[in-house]
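Following: one structure in structure tokens, then a few remarks.
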Amino acid sequence: MITLENLTRAVIGSFEGVPEARRRELLQELVRALHGFARQTGLTHAEWRAAIAFLHRVGAMSNDSRSEFTLLSDVLGLSSLVDLVGSQPGATPGSVLGPFHTAGSTWFDNPADLVRDNTGERVCLEGQVLDTAGRPLPQATLDFWQNADNGLYWQVDPSQPQDNLRCRLRADDQGRYRIITIRPQPYCIPTDGPVWFDVVEPAGRTAWRPAHFHLIVEAPGHHSLITELFDEEDPHLATDAVFGVRDALVGRYVPGADGLPTMHVDFKLAAA
């Protein structure tokens, strides 16, 4: 018979039949953590029902172009923790994916020019993709996205085309890349959904994120890198709403050869 004392053991044991060892471990440790939380806090029926209702609202807010669940993970610091736990020695550190990544961006020639009809200060992001020994990775690819000069991503701004300020491109034979774009702006995380109303706002926390570029950098035989690049002049670096800033990811703009403010960043990927 199930009792308060043996319930957690019984539920953990019920997953012993999961054939994949890692999946079995994740399920059993999730049960252990959730049961421990409920026991430690004395979770009530009303609180449990409220939490289930909150998750329903998070799901209802999520769609193909916006993930409220990712935002929830971000503001709880879980996304950042996974990034830090998964960091590879000698590699560029990771940072949060964010709720506005959409797969399938258009492939651009390298160098790429994304400015088109966008207003804002023209800038350049350039550098190389290297292994941890400093050798170029000529088969590297970059998936890039950012917000517009009004601080909004295309997913929440109907005036922007769907492919605005995002692209995929291939590094050249020396692992080099170059993207002409506009200077991204600091912005607020979404404040129209349950994550804001039920989690962030009641804590009196800031909604602001410092200006940044998002990138996913990949190369055959190497760990993929999901990361962000920040502007050293941004006033929100120390209070990022999703805990994504790392010292190694803060760059500066300097005058480039063509007169554009240029941020030079080399990405280092660890061998898989």
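Numbering-wise (the numbering used here), the sequence shown opens with residue 84 and increments by one. Glycine included, C-beta positions come from ideal geometry on N, C-alpha and C. Small disclaimer: the values here were computed from a predicted structure and weren't measured.
Coarse secondary structure for residue i, derived from DSSP in three states
i	result
His297	strand
Pro338	strand
Val333	strand
Arg205	strand
Ala354	strand
Glu311	strand
Thr345	strand
His319	coil
His305	strand
Glu112	helix
Leu87	coil
Arg107	helix
Gly327	coil
Nearest-angstrom Cα separation, counted from residue j out to residue i
i	j	result
Leu208	Phe191	15 Å
Pro303	Gly287	44 Å
Val328	Ser178	7 Å
Thr264	Arg205	6 Å
Ile135	Ala129	10 Å
Tyr336	Ala254	21 Å
Tyr260	Gln211	6 Å
Leu308	Thr345	22 Å
Leu323	His347	The amino acid at residue 323 is misidentified as Leu; the sequence shows Asp. About 23 Å.
Asn201	Ser97	56 Å
Phe350	Thr289	30 Å
Phe137	Asp256	49 Å
Glu103	Val94	17 Å
Ala354	Leu161	25 Å
Ala174	Gly125	42 Å
Glu315	Gly334	6 Å
Val141	Gly276	7 Å
Gln245	Tyr236	9 Å
Pro318	Val165	26 Å
Thr367	Glu112	What is shown of the chain runs 84 to 355, which leaves residue 367 out entirely.
Phe120	Asn89	16 Å
Arg199	Gly187	19 Å
Pro273	Arg122	33 Å
Thr127	Pro241	42 Å
Asp72	Met84	Look at the range of the chain in this structure, 84 to 355, and you will see that residue 72 is not part of it.
Leu180	Glu99	33 Å
Gln243	Arg292	21 Å
Ala231	Ala116	40 Å
His139	Glu301	34 Å
Asn193	Thr310	20 Å
Inter-residue CB distance, residue i and residue j (contact presumed, cutoff 8 Å)
i	j	result
Leu213	Pro219	6 Å
Pro182	Arg132	Not really, about 26 Å apart at Cβ, beyond 8 Å.
Ala294	Pro338	Not a contact, Cβ separation roughly 19 Å.
Phe296	Leu320	Wrong, their Cβ atoms sit about 14 Å apart, outside the cutoff.
Val278	Leu154	5 Å
Gly234	Tyr270	4 Å
His118	Thr91	4 Å
Phe227	Leu298	5 Å
Residue j beta carbon less than 7 Å from that of residue i
i	j	result
Leu252	Leu225	yes
Val158	Val283	yes
Phe152	Ser145	yes
Pro172	Ala331	no
Val101	Arg107	yes
Cys250	Thr189	yes
Ala195	Ile262	yes
Leu248	His305	no
Ala223	Gly258	yes
Residue i: CB within 6 Å of a non-hydrogen atom of the ligand NAD
i	result
Leu343	You won't find the ligand NAD in this model; it holds no ligand whatsoever.
Original post:
Curious, which full-length beta strand (DSSP E) runs of at least 3 residues does the segment 120 to 195 contain?
Top reply: none
**OP:** At 3 residues or longer, and completely inside the segment 207 to 242: list those beta strand (DSSP E) runs for me, N to C.
**Re:** 224 to 228
Original post:
For the segment 246 to 300, which segments carrying the beta strand (DSSP E) assignment without a break, of at least 3 residues, lie completely within its bounds, in sequence order?
Top reply: 249 to 253, 259 to 265
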